[in-house]
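Working notes, structure below.
2 protein chains.
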Amino acid sequence: MSEKGSYPKGVAKREEILRTALAIFSQEGYRGTSLREVARECKLSLPGLMHYFGSKEELLAAILRKRDETDFATSHAEEGDAFKILSTITRHNAQVPGLVQLYATLSAAASDPNHPAHEFFVSRYQDFRARLSQALAERQAAGTLAAGLDVEKLAAIVIALADGMQVQWMLDPGIDMGDHVDYLLELLGTVSPSRLLAD
Amino acid sequence: MSEKGSYPKGVAKREEILRTALAIFSQEGYRGTSLREVARECKLSLPGLMHYFGSKEELLAAILRKRDETDFATSHAEEGDAFKILSTITRHNAQVPGLVQLYATLSAAASDPNHPAHEFFVSRYQDFRARLSQALAERQAAGTLAAGLDVEKLAAIVIALADGMQVQWMLDPGIDMGDHVDYLLELLGTVSPSRLLAD
DNA sequence: AGCAAAACCATACAACGCACGGTTTCTTTG
DNA sequence: CAAAGAAACCGTGCGTTGTATGGTTTTGCT
């Protein structure tokens, strides 16, 4: 065997690093925290940390990957339809501002194809859109959403709304993201098919 | 007099810096470019550049401020209603990916109240929402938008949509931001007042 | 002419991410 | 149960970054 997390001690340290780094990144921001600080908090030297993650961005990518895995698992376990889950997630995000900012910062930086987290974010959004558009299609089948609507466009739109509201919320915490998301979702429910076909 | 751009030579250099820095930032990204590189391009030493802008972030804030001024001026001069202008802006943004990424990166970073561009972004979004919600109200008065709609919420939502679509577009340039924005705007036009009141 | 401020520079500093070349600790296997 | 080899770590140094200090030169005004 020849992997980086093959010894029990190693996998434990690796996860401790991920946990610690997430906490610090969420609090001080990605740019604002040095690898030395993370290493110190883990009782490691800098090279000791870099044994696990070849670069700062690689560490970041690993954090996001892990975070998304657990998030997906829990959100998938939750009950309720797509709209309710979306609303719940949005309101949940309002309680972890550090994470929200981390994701916002990164999704912008990751647009560079050379960024280590690029592929991650690309497939993340592809997944999001696919899942949500399927959920919207199910709603159409159930009759709670107008049949004429383009579910794929709508999926992208709703996700964009959630992301965009986060930006405005970060700049002005007085804004209620959940209310806005709910409002659009409610609005979508009131769209009548006949009007759409008349276009 | 005791200002930094008071001599003619100074104001010219200052604007050259803004122009040059915008170009480089747009191409290499904010983090990816060093002040030394910008200075060299302007035939200045590093301290020579820092005479005009006390910090890298201050330079960035100045760039955004100037950019917004000119953008506002041109968009205000354009004809058409609010929806058309919004659509035009969105499609225009699709041709300056560097700038879009710059704004995305910064709007996230500027959520920190200590960030030099914080106030700028806060009032920027306040302005946006105010302008757009007024435009929406005018549409209501003209009868092209359902009267029961909450124009302030809608303004925030539409702006969020534009921002959010930019994120997805940056990660996957195959996505057409304009189409999505137009789709939601079109959808808003089809909402019937009666349905809203029935809720 | 002279003076104050703007315009600009040389140098230095601390901190950063990262690379190199080690040594120690642990597991597996012959 | 040793020997081997990889994982787990560390000391040190390199190049670059943003920024601070303390200047000198240039410019415009009175």
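Which chain is which? The protein sequence lines are D and H, in order. So the first sequence is numbered by the working numbering: it starts at 1 and just counts up by one. So the second sequence is numbered by the working numbering: it starts at 1 and just counts up by one. In this text, a Cβ means the ideal position worked out from N, Cα and C, and glycines have one as well. All values reported here derive from a predicted model rather than from experimental measurement.
Cβ-based contacts, 8 Å cut-off: residues of the segment 7-18 of chain H near chain D: Result list empty, no residue passes.
Residue 191 of chain D versus residue 143 of chain H: straight-line alpha-carbon distance, rounded: Within the first sequence, the letter at position 191 stands for residue 191 of chain D. Within the second sequence, the letter at position 143 stands for residue 143 of chain H. Between the C-alpha atoms of residue 191 of chain D and residue 143 of chain H there is a straight-line separation of about 17 Å.
C-beta neighbour in chain D for residue 84 of chain H, strict 9 Å: In the second sequence, counting from the first residue as 1, residue 84 of chain H sits at position 84. Taking Cβ atoms only, chain D never reaches closer than 9 Å to residue 84 of chain H, which makes this a no.
Partners in chain D for residue 26 of chain H, counting only beta-carbon separations shorter than 7 Å: Sequence index remark: in the second sequence, residue 26 of chain H carries index 26 (1-based). Correct list: empty, because the minimum Cβ distance to chain D is about 13 Å.
Residue 172 of chain H in three-state terms, based on DSSP: For the purposes of this step, residue 172 of chain H is taken as residue 172 along the second sequence, with counting starting at 1. Looking at residue 172 of chain H - three-state DSSP - the assignment turns out to be coil, as it is neither helix nor strand.
Contacts that residue 153 of chain D makes with chain H (C-beta to C-beta distance below 8 Å): Residue 153 of chain D sits at position 153 when you count from the first residue of the first sequence. Under the 8 Å cutoff, chain H gives 179, 180, 183.
Beta-carbon proximity of residue 14 of chain D to residue 52 of chain D, cut-off 9 Å: Indexing the first sequence from 1 puts residue 14 of chain D at position 14. Indexing the first sequence from 1 puts residue 52 of chain D at position 52. At the C-beta level, residue 14 of chain D and residue 52 of chain D come within 9 Å of one another.
Between the CA atoms of residue 47 of chain D and residue 174 of chain H - distance to the nearest angstrom: The residue you call residue 174 of chain H lines up with position 174 of the second sequence. The residue you call residue 47 of chain D lines up with position 47 of the first sequence. Whole-angstrom Cα-Cα distance: 40 Å.
CB contact below 9 Å: residue 118 of chain H versus chain D: Position 118 of the second sequence, counted from the start, is the residue given in the question as residue 118 of chain H. Using beta-carbon distances, residue 118 of chain H counts as an interface residue toward chain D, with a partner under 9 Å.
Cβ-based neighbour list, residue 188 of chain H, same chain, cut-off 6 Å, excluding 5 preceding and 5 following: Indexing the second sequence from 1 puts residue 188 of chain H at position 188. Sequence-distant partners of residue 188 of chain H (beyond 5 residues in either direction) whose C-beta falls short of 6 Å from its own C-beta are missing from its chain.
Residue-chain proximity (residue 190 of chain H, chain D), Cβ-Cβ < 9 Å: Taking the second sequence and counting its residues from 1, the one referred to as residue 190 of chain H is at position 190. Judged by the 9 Å Cβ criterion, residue 190 of chain H is in contact with chain D.
Within 9 Å, strictly: CB atoms of residue 180 of chain D and residue 160 of chain H: Within the first sequence, residue 180 of chain D is the residue found at index 180, counting from 1. Within the second sequence, residue 160 of chain H is the residue found at index 160, counting from 1. In this structure, residue 180 of chain D places its C-beta atom within 9 Å of the C-beta atom of residue 160 of chain H.
Chain H within 9 Å of residue 109 of chain D, Cβ atoms only: The sequence position of residue 109 of chain D within the first sequence is 109, counting from 1. Interface residue, yes.
Neighbour list for residue 48 of chain D in chain H, Cβ cutoff strictly below 8 Å: Within the first sequence, numbered from 1, the residue matching residue 48 of chain D stands at position 48. Those do not exist, as residue 48 of chain D stays about 26 Å from chain H at its closest Cβ, beyond 8 Å.
Assumed close pair residue 118 of chain D, residue 130 of chain D - CB separation to whole angstroms, cut-off 8 Å: By 1-based counting over the first sequence, the position of residue 118 of chain D is 118. By 1-based counting over the first sequence, the position of residue 130 of chain D is 130. In fact, because the Cβ distance is near 19 Å, the residues do not count as touching under 8 Å.
Close Cβ partners of residue 112 of chain H (< 8 Å) along its chain, the five nearest in sequence each way excluded: Taking the first residue of the second sequence as 1, we reach residue 112 of chain H at position 112. Listed in chain order, the non-local C-beta contacts of residue 112 of chain H below 8 Å within the same chain comprise 118, local neighbours out to five positions each way being set aside.
Terminal residues of the alpha helix (DSSP H) in which residue 28 of chain D lies: Locating residue 28 of chain D in the first sequence gives position 28, counting from the first residue. Residue 28 of chain D -> alpha helix (DSSP H) spans 8-28.
Where the alpha helix (DSSP H) containing residue 201 of chain H begins and where it ends: Any question about residue 201 of chain H goes unanswered here, given that chain H covers just 1 to 199.
Partner residues on chain H for residue 71 of chain D, Cβ-Cβ distance less than 8 Å: Locating residue 71 of chain D in the first sequence gives position 71, where the first residue counts as 1. Neighbours of residue 71 of chain D in chain H, taken as residues at a C-beta separation under 8 Å, are lacking, since the least C-beta distance is about 18 Å.
Partner residues on chain D for residue 101 of chain H, Cβ-Cβ distance less than 9 Å: Locating residue 101 of chain H in the second sequence gives position 101, counting from the first residue. Per Cβ cutoff of 9 Å: 108, 109, 111, 112.
Where the alpha helix (DSSP H) through residue 115 of chain H begins and ends: As a first step, residue 115 of chain H is located in the second sequence; it is residue number 115 there, counting from the start. Per DSSP, residue 115 of chain H belongs to no alpha helix (DSSP H) and is neither H nor E.
Continuous alpha helix (DSSP H) stretch holding residue 52 of chain H: start and end: Taking the first residue of the second sequence as position 1, residue 52 of chain H is located at position 52. Careful: residue 52 of chain H lies outside any alpha helix (DSSP H) and carries neither H nor E.
Whole alpha helix (DSSP H) elements within the segment 136-185 of chain H, 4-residue minimum: As far as the segment 136-185 of chain H is concerned, its whole alpha helix (DSSP H) runs of at least 4 residues are 151-171.
DSSP-derived helix/strand/coil call for residue 5 of chain D: The residue labelled residue 5 of chain D in the question sits at position 5 within the first sequence. In the three-state scheme derived from DSSP, where H, G and I count as helix and E and B as strand, residue 5 of chain D is classed as coil.
Classification of residue 9 of chain H by the beta-carbon crowding that lies within 10 angstroms, buried from 16 upward: As a working note, residue 9 of chain H is residue 9 in the second sequence. Counting Cβ neighbours within 10 Å, residue 9 of chain H comes out exposed, since fewer than 16 surround it.
Residue 210 of chain D to residue 165 of chain D span [Cα, whole Å]: The first residue shown for chain D is 1 and the last is 199, placing residue 210 of chain D beyond what the model contains.
Residue 101 of chain H to residue 147 of chain H span [Cα, whole Å]: Here residue 101 of chain H refers to the residue found at position 101 when the second sequence is read from its first residue. Here residue 147 of chain H refers to the residue found at position 147 when the second sequence is read from its first residue. CA-to-CA, the gap between residue 101 of chain H and residue 147 of chain H works out to about 36 Å.
Alpha-carbon to alpha-carbon, residue 72 of chain D and residue 7 of chain D: Numbered from its first residue, the first sequence carries residue 7 of chain D at position 7. Numbered from its first residue, the first sequence carries residue 72 of chain D at position 72. Answer to the nearest angstrom: the Cα atoms are 28 Å apart.
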